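If you're matching them up, the sequences are chains A and B in order. full-length UniProt numbering puts the first residue of the first sequence at 1, with every later residue one more than the last. full-length UniProt numbering puts the first residue of the second sequence at 1, with every later residue one more than the last. No residue lacks a Cβ here, since even glycine has one placed at the ideal position from N, Cα and C. This one's a predicted model, so the numbers in the text were calculated from it and none came from an experiment.
There are 2 protein chains.
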Amino acid sequence: MALKMFDLRGRDERLRFSPYCWRVKFALAHKGLACDFVPWKFTDKEALAFSGQGRVPVLVDGEETVVDSYEILRYLDRAYPERPLLGEGAAAERARFFKFYSERSLAPGIVRTILMDVFNTIHPDDRDYFRTSREKAFGRTLEEMHSPSQGLTMLDRALEPMRGRLDESEFLDGEAPGAADYLVVGMFMWARVCSGADLISNADPVYAWYQRMLDLYDGLGRNATRLVDVEGAYQNV
Amino acid sequence: MALKMFDLRGRDERLRFSPYCWRVKFALAHKGLACDFVPWKFTDKEALAFSGQGRVPVLVDGEETVVDSYEILRYLDRAYPERPLLGEGAAAERARFFKFYSERSLAPGIVRTILMDVFNTIHPDDRDYFRTSREKAFGRTLEEMHSPSQGLTMLDRALEPMRGRLDESEFLDGEAPGAADYLVVGMFMWARVCSGADLISNADPVYAWYQRMLDLYDGLGRNATRLVDVEGAYQNV
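Following this line, the structure appears as structure tokens:
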């Protein structure tokens, strides 16, 4: 039986923009596993009630239900041990740092750069929920939080360790991509789907890595529908 | 035959402040290897001529000479395979990121916080060399570069991924310290030896990790002589 994953969708059903869901999509492709992706909106809390919580990704594999992108990577390594993602021992311990680097170093700059684009990407049903929950978390309005000049400056600094690493190596995980790459690329896919903003200059070693990541698995990332591809997306609805 | 390492010294011979030498000292202790530390000054270029370059750490192990802190960690894993530091495969690939995180995320904030303390720590013979080379690299004077308020703000942001990781784990490498921890702690030892500045609030998860790191190997880090311990260090010489 094929795997099933609940996947955040936007105003157009093809817009799949969750950075956490993207981690899992790359991980599934890495393992060569087929999966049905079930479109889901922030406010479809009922649809996830069986999982005991209200956020995606949620992976369903027969009798097993797994929530949280990192836990799903762990589950995939246990259930499908070929082509390890996180690996074991020191490899697994060190992989964990990339989760926090992605969420706490890269995301803060990206969110300030693309926040109003994200707001424009989400389903109209989700707008009140999104605005209320995010404004509470940020302690300010979406419009105040959105500041591309500040965001890009923050991101530029946060990318420094990736620059050093990718100046010497094709992927964060070495000659072939692995969990470290997928944990990080999710944030770039989030920006890619929601926004036309250029986050990285094409002279940056991170840019070359990003292009390689987009090409993986028959262009899994490159072929994702972006808001800029959706007709009428920049008119008010 | 005992290992020998050339180790940067300051105005007092006990002041050993190189972040790169500290990485190796922790790595040697991790392996349980005895080593003679030879005090060296920036301007003692002749003493390192045999190594084909002019910087420390330089490790001499019988016929072998190894330069660069990361290469020394690799060498130690090859020559003394018990208790791996970097490990192999994905573990080794991921360890490399911590080098760049340490040097490119943490160091820029720390250097702005402690630079004039570093200048006060180095040997008087090294002052002209240090000022000239660093001012050229920074594109400004040491005094202009030194800005603790700016440095601590940069460091605070750069510590975010460590906070996430160390909130859940005793060490960056998990339940026991490893190369990731040593690659990072070198920067904190640099600050500790040269400066009385408090880089981390004691409510920070990074602070608890730092205390654990200082206690390792019979207090290797905690017992290091600091500039604040040296009589007369804050008088002009």
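- One thing to note: Trp190 (chain A) has its Cβ within 9 angstroms of the Cβ of Ile114 (chain A).
- When Cβ-Cβ separations below 9 angstroms define contact, Lys99 (chain A) makes contact with chain B.
- Bounds of the beta strand (DSSP E) holding Lys4 (chain A) are Leu3 to Leu8.
- For Gly174 (chain A), DSSP records a beta bridge to A:Phe171.
- Using a Cβ-Cβ cut-off of 9 angstroms, Gly164 (chain B) counts as an interface residue toward chain A, since at least one Cβ of chain A sits closer than that to its own.
- Residue-level contact by beta carbon fails for Gly186 (chain B) and chain A, as no gap is shorter than 9 angstroms.
- Judged by DSSP secondary structure, Pro108 (chain B) falls within the alpha helix (DSSP H) whose first and last residues are Ala107 to Thr121.
- Cα atoms of Glu160 (chain B) and Glu63 (chain B): separation of roughly 43 angstroms, rounded to the nearest angstrom.
- Contact of Pro205 (chain B) with chain A is not assigned, every C-beta pair being separated by 9 angstroms or more.
- Pro161 (chain B) belongs to the set of residues whose beta carbon lies under 9 angstroms from a beta carbon in chain A.
- Residue pairing by DSSP puts Leu59 (chain A) in a beta bridge opposite A:Met5 and A:Val66.
- Neighbourhood of Leu172 (chain A) in chain B, by CB distance below 8 angstroms: Glu93, Arg94 and Phe97, in chain order.
- Excluding sequence positions up to five before and after Phe130 (chain A), its CB lies within less than 7 angstroms of the CB of Phe42, Phe119 and Ile122, all in the same chain and listed in chain order.
- In its chain, beyond the 5 residues on either side, Leu142, Glu143 and His146 have a beta carbon closer than 8 angstroms to the beta carbon of Met116 (chain A).
- In this structure Lys136 (chain A) is exposed. Its beta-carbon is surrounded by fewer than 16 other beta-carbon atoms within 10 angstroms.
- Residues of chain B whose Cβ lies closer than 8 angstroms to the Cβ of Gly87 (chain A) are, in chain order, Gly89, Ala90 and Ala91.
- Rounded to whole angstroms, the Cβ separation of Asp204 (chain A) and Arg163 (chain A) is 7 angstroms, and the two are in contact under 8 angstroms.
- Cα atoms of Phe17 (chain A) and Gly10 (chain A): separation of roughly 7 angstroms, rounded to the nearest angstrom.
- Contact note: Gly139 (chain A) does not reach chain B at a C-beta cutoff of 7 angstroms; the least C-beta distance is about 17 angstroms.
- Annotated three-state conformation of Val230 (chain A) is coil, per DSSP.
- Contact annotation: Tyr217 (chain A) and Tyr101 (chain B) have beta-carbon atoms that are not nearer than 9 angstroms.
- If you look at Phe37 (chain B), you'll find it in the beta strand (DSSP E) that goes Cys35 to Trp40.
- One thing to note: His30 (chain B) has its Cβ within 9 angstroms of the Cβ of Pro177 (chain B).
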